[in-house]
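Going by this note's numbering, the residue at position 64 of the sequence shown is 224; the numbering climbs one at a time, nothing skipped.
Note that beta-carbon positions come from the ideal geometry of N, C-alpha and C, so glycine has one too.
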Amino acid sequence: MKGSCIKKAKVDSTTKPNWLELPIGLTKNILQRLGTIDIVTSARNVCPLWRKICQDPLMWRTIHIASGFTIDCFAYMGKICRSAIDLSSSNLEDITISWFATDELLEYLAHR
């Protein structure tokens, strides 16, 4: 009997979790812990469920894009920021952008 319990434990520990079976609230909580750049460029492209969650305007009440990028990324960061602003659908409450903030980007933000 003891051997069968060990064998069952080994089988259970080697099965891979199905992330799609997580409750939507938990998946949303996990995704909200990612940074804006990770969500816009990667997470929302993982699967249809994650895309749907990432399109929820309430996910975008806060947008933080920190510094630490090279000047080569200037236009790219502005594009990511615009995408996040659009996803917020006027629910944006807090935004942090730094070195890539241009007058055009701030005007874009103000109009949305």
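Rounded to whole angstroms, what's the CA-CA distance from ARG221 to TRP179? Just pull it up for me. Along the sequence shown, one-based indexing puts residue 221 at 61. Along the sequence shown, one-based indexing puts residue 179 at 19. Their backbone Cα atoms lie some 25 Å apart in a straight line.
Out of PRO177, ILE213, VAL200 and ARG211, which has the shortest C-alpha to C-alpha gap to ALA244? One-based indexing of the sequence shown puts residue 244 at position 84. For the residues PRO177, ILE213, VAL200 and ARG211, the minimum Cα distance to ALA244 belongs to VAL200.
Helix, strand or coil at THR256 according to DSSP, with G and I counted as helix: Stepping through the sequence shown from its first residue, residue 256 is reached at position 96. Residue state, collapsed to three classes: strand.
Based on Cα-Cα distance, which residue from CYS233, LEU182, ASN251 and LEU265 lies nearest to ARG242? Position 82 of the sequence shown, counted from the start, is the residue given in the question as residue 242. The shortest C-alpha to C-alpha distance from ARG242 to any of CYS233, LEU182, ASN251 and LEU265 is the one to LEU265.
Looking only at C-alpha atoms, which of THR175, PRO177 and ASP246 sits nearest to ASP216? Against the sequence shown, residue 216 aligns to sequence position 56. Closest by alpha carbon: ASP246.
Helix, strand or coil at THR222 [DSSP, three-state]: The residue given as residue 222 occupies position 62 in the sequence shown. When DSSP states are grouped into helix, strand and coil, THR222 belongs to the strand group.
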